[in-house]
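Trainee: Please see the structure below; I have some questions.
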Amino acid sequence: MTRKLIYTIIIAALLLVPACNFDQIASFYGNYPQESGSLLFQDAFSDPASGWDRVRTPEGMTDYDGDQYRILVNSPNADYWANPGLNFTDVLVEVQVRKINGPDDNNFGILCRYQNLDNFYFLIISSDGYYGIGKVKDGKQTLIEPEQMYPSPVIAQGNQQNHLRAVCQGSKLALFVNGELVAETDDQSFLEGDVGLIVGTFEQPGVDVVFDNLVVKVP
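FYI, in my numbering the residues of the sequence shown are 22 to 240.
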């Protein structure tokens, strides 16, 4: 198993325009619950009108599918993601995720502080057991911790389900997998933004991943 090196995002523009749910946005501005553990947003993806992108093309898809949210990437060396169209500062994001098809050499996970296509944080794992925390700033992607994706025995590999928890609190970024902390770091590039879900490929396309039971809380 070879280590994954930092790679360049190839953006599929049609899939990356965030869907805005203005009623949801309005409900959080001015009514932000400050107590630790307070619920900010949740989605079991059973309602296709809950605000996430719904796009299907030959190159991939981001859409609701059978009470889950599915992201399929049919292009090599590409990342597709989706957002609910909200805005937060500090968040704790949890989601269940499982690859249903495609190569294990992949990446998928959670976005936070998403501002636009060129500025956000990502906290990811892969189906062959690697993890990483990184950012896209002014369109340039870098891994922050570690400097290249490293393996962890707590990541369930192949088509097994993993539970991800991402903490974005002040300058702190932390990734937990199946209840275990695998990486943490500090970065002050972004202080607020949307959350999201991301799936990416390397040389082999066809990575097909489903997400379920998304919860966003105050850390």
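Even for Gly, the Cβ is constructed at its ideal location relative to N, Cα and C.
Grouping DSSP H, G and I as helix and E and B as strand, with all else coil, what is G160?
Mentor: What you label residue 160 is simply residue 139 of the sequence shown in a count that begins at 1. In this structure, G160 counts as coil in the three-state DSSP scheme.
Trainee: One question on the structure: do V116 and G221 come within less than 8 Å of each other, judged by their Cβ atoms?
Mentor: To locate residue 116, count along the sequence shown from 1; it is residue 95. To locate residue 221, count along the sequence shown from 1; it is residue 200. Not in contact: V116 and G221 (Cβ atoms no closer than 8 Å).
Trainee: To the nearest angstrom, how far is the alpha carbon of V38 from that of V114?
Mentor: Residue numbering aside, residue 38 sits at position 17 when the sequence shown is read from its first letter. Residue numbering aside, residue 114 sits at position 93 when the sequence shown is read from its first letter. Note that V38 scores 38 on pLDDT, short of 50, meaning its location in the model is unreliable and no value can be drawn from it.
Trainee: Quick check on Q45: does DSSP put it in helix, strand or coil?
Mentor: Here the question's residue 45 lines up with position 24 in the sequence shown. Any reading at Q45 must be qualified, since the residue scores a pLDDT of 39, below 50, and its modelled position is unreliable; the value itself is stated next. Correct three-state label for Q45: helix.
Trainee: Opposite A187 in the DSSP bridges: which residues?
Mentor: For the purposes of this step, residue 187 is taken as residue 166 along the sequence shown, with counting starting at 1. In the DSSP output, where bridge partners are listed per residue, A187 has V114, L196.
Trainee: How many whole angstroms separate the CB atoms of L218 and I165, which I take to be in contact at a CB cut-off of 8 Å?
Mentor: Counting from 1 along the sequence shown, the entry for residue 218 is found at position 197. Counting from 1 along the sequence shown, the entry for residue 165 is found at position 144. Incorrect: roughly 19 Å between the Cβ atoms, too far for contact.
Trainee: Spatial neighbours of N183 within its chain, please: C-beta separation below 8 Å, excluding the five flanking residues on both sides.
Mentor: Working through the sequence shown from its first residue, we reach residue 183 at position 162. The answer, listed in chain order, is Q117, V118, R119, I146, I176, A177, V198, N199.
Trainee: Please tell me whether V231 and Q89 are closer than 8 Å, where the distance is taken between their beta carbons.
Mentor: On the sequence shown, residue 231 is found 210 positions in, with the first residue counted as 1. On the sequence shown, residue 89 is found 68 positions in, with the first residue counted as 1. It is a contact, given that the beta carbons lie within the stated cut-off.
Trainee: In angstroms, rounded to a whole number, what distance separates the CA positions of G153 and E168?
Mentor: Along the sequence shown, read from residue 1 onward, the residue named residue 153 stands at position 132. Along the sequence shown, read from residue 1 onward, the residue named residue 168 stands at position 147. Their Cα atoms are separated by approximately 8 Å.
Trainee: Does the beta-carbon of A187 have 16 or more other beta-carbons within 10 angstroms, so that it is buried, or is it exposed?
Mentor: Taking the sequence shown and counting its residues from 1, one reaches residue 187 at position 166. So A187 counts as buried.
Trainee: To which residues of the same chain is S192 closer than 7 Å at the C-beta, ignoring the five residues directly before and after it?
Mentor: As a first step, residue 192 must be located in the sequence shown, where it is residue number 171. Taken in chain order, the residues that qualify are D207, D208, Q209.
Trainee: For the candidate residues L138, G214, D64, whose alpha-carbon lies nearest to that of W102?
Mentor: If you number the sequence shown from 1, residue 102 lands on position 81. Nearest option by C-alpha distance: L138.
Trainee: I believe P240 touches V112 by the beta-carbon criterion, under 8 Å. Please report the beta-carbon distance rounded to the nearest angstrom.
Mentor: On the sequence shown, residue 240 is found 219 positions in, with the first residue counted as 1. On the sequence shown, residue 112 is found 91 positions in, with the first residue counted as 1. So it is a contact: roughly 7 Å between Cβ atoms.
Trainee: Rounded to whole angstroms, what's the CA-CA distance from L202 to P172? Just pull it up for me.
Mentor: Position 181 of the sequence shown holds residue 202. Position 151 of the sequence shown holds residue 172. About 13 Å.
Trainee: Can you tell me where the beta strand (DSSP E) with L60 in it begins and where it stops?
Mentor: One-based indexing of the sequence shown puts residue 60 at position 39. Note, L60: beta strand (DSSP E), 60-64.
Trainee: Take Y151 and list the residues in its own chain whose beta-carbon comes closer than 7 Å to its own, dropping the five residues that flank it on each side.
Mentor: Counted from its first residue, the sequence shown places residue 151 at position 130. Contacts found: K25, M170, Y171, P172.
Trainee: Note down, in chain order, each residue of its chain lying with its Cβ closer than 6 Å to the Cβ of R75, except the 5 sequence neighbours on either side.
Mentor: For the purposes of this step, residue 75 is taken as the residue at position 54 of the sequence shown. D84, listed in sequence order.
Trainee: Quick check on the DSSP output: the beta strand (DSSP E) that includes F109 runs from which residue to which?
Mentor: By one-based count along the sequence shown, residue 109 stands at place 88. Element bounds for F109: n/a, residue is neither H nor E.
Trainee: In three-state terms, what does DSSP make of I176?
Mentor: Locating residue 176 in the sequence shown gives position 155, counting from the first residue. I176: coil per DSSP, three-state reduction.
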